[in-house]
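Worksheet: one structure, shown below.
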Amino acid sequence: LQAIREQYDIIIGDLFLPWKAGTGSLYTLEHFKNVKKRLRPEGLYFQWLPLYQMSTEEFRIIANTFLQVFPKASLWFATFYPHRPTLALVGGAENFELNPGNLISNWKKNSTNPGVLDDSTIESLILMYYAGNLGESADILQNAPINTIDFSIIEFLSPLTNQKGQNDETVWMKNEKAVSFLKLLWQQTPPSMDPYLTLLNERQKNYVSAGHQRFLYSHYRNEKLAEKADASLQEFKQKADETLVKLLFPDT
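Take a look at the structure:
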């Protein structure tokens, strides 16, 4: 990125092993600034984070550093597996609201079978992956240090976390730790109050909430908390598109 002058619509930071030598520099303030310079006006940067390979402390450091460059950052799910959670930090060159119309048009433009799903099912499928507004909930990262080239905390902290994690699974930001953070995020900025979702109607905001419940359902099911799992599943069914519910849970 430092050697080129081109600008891009999308730049993606892949799933890096946080403890590998040199990886810490890809989570620094300077790197995020370089990325932003290479984005077109409506461009987006996706930085995937394997929470199951980092501690809550490391996540907070990376997320707070990201917010210094992309203050309106959002979080998106990659999967709904709390035992291997992966989230994307998403930041834009400019600040804008999520346009639901673009979701449908871009889906149909890039799909090999654009007519298979109707518009509401497409909306429900995409919007359930929206995990929350990190920028509006920045105070939950309060006091987290900034990762810089000169003060590369992640470069030195991650190998120590990896060593601890070999014998202590509770080190990683997964299962209850991931759920606790997300619940706090949703409490701070629920979909109904999220400025990034201003252009969404109530039905579409329910699709977002359905995704939250799907994540919770997976967690409670893994923990064998049947009553809580059933409650989350029922709420998912109430808020998600009916066709999507039948596709994901055909036997329930």
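Taking this note's numbering, I'd label the letters of the sequence shown as residues -3 to 248. C-beta atoms are modelled at their ideal positions from N, C-alpha and C, and glycine is treated no differently.
| Item | Value |
| --- | --- |
| Residue 187 - DSSP class collapsed to helix/strand/coil | helix |
| Stretch pair the segment 195 to 204 + the segment 138 to 145: three plus CB contacts closer than 8 Å | no |
| C-beta contact flag for residue 42 and residue 207 at 9 Å | no |
| Collapsed DSSP secondary structure at residue 21 in the structure displayed | helix |
| Pick from 0, 98 and 14 that is closest to residue 158, judged by C-alpha positions | 14 |
| Best match in 86, 78, 123 and 37 for proximity to residue 171 [C-alpha to C-alpha] | 78 |
| Beta-carbon spacing of residue 57, residue 149 below 9 Å | yes |
| Cβ shell of residue 93 (< 8 Å), same chain only, five flanking positions each side left out | 191, 192, 193, 194 and 195 |
| Cα-Cα separation, residue 269 to residue 76 | The question about residue 269 has no answer here: the residues shown for the chain are numbered -3 through 248. |
| Nearest-angstrom Cβ-Cβ length linking residue 11 and residue 46, presumed shorter than 8 Å | 5 Å |
| Sub-9 Å separation of residue 20 and residue 152 beta-carbons | yes |
| Spatially closest choice to residue 337 from 81, 87 and 17, by CA coordinates | A question about residue 337 goes unanswered here, because the residues of the chain that appear run from -3 up to 248. |
| Cβ-based burial, residue 156 [other Cβ within 10 Å; buried from 16] | exposed |
| Alpha carbon of residue 199 to alpha carbon of residue 213, nearest angstrom | 21 Å |
| 7 Å Cβ shell around residue 115 - same chain, five flanking residues per side excluded | 100 |
| Residues that DSSP places opposite residue 82 in a beta bridge | 46 |
| Identified DSSP bridge partners for residue 126 | 72 |
| Beta-ladder partner(s) of residue 35, from DSSP | 4 |
| Status (buried if at least 16 other CB within 10 Å, exposed otherwise) for residue 131 | buried |
| As assigned by DSSP and simplified to three states, the class of residue 216 | helix |
| CA-to-CA distance, residue 49 to residue 225, given in whole angstroms | 25 Å |
| Residue 229 versus residue 241 - alpha carbon distance | 10 Å |
| C-alpha gap between residue 233 and residue 64, whole angstroms | 37 Å |
| Beta-carbon separation (whole angstroms), residue 181 vs residue 128, contact threshold 8 Å | 4 Å |
| Buried or exposed by the 16-neighbour rule on C-beta atoms within 10 Å, applied to residue 249 | Missing from the structure shown is residue 249; the chain here goes from -3 to 248 and no further. |
| Residues of its chain near residue 35, where Cβ-Cβ distance is below 7 Å and the 5 sequence neighbours each way are ignored | 3, 4, 7, 41 and 89 |
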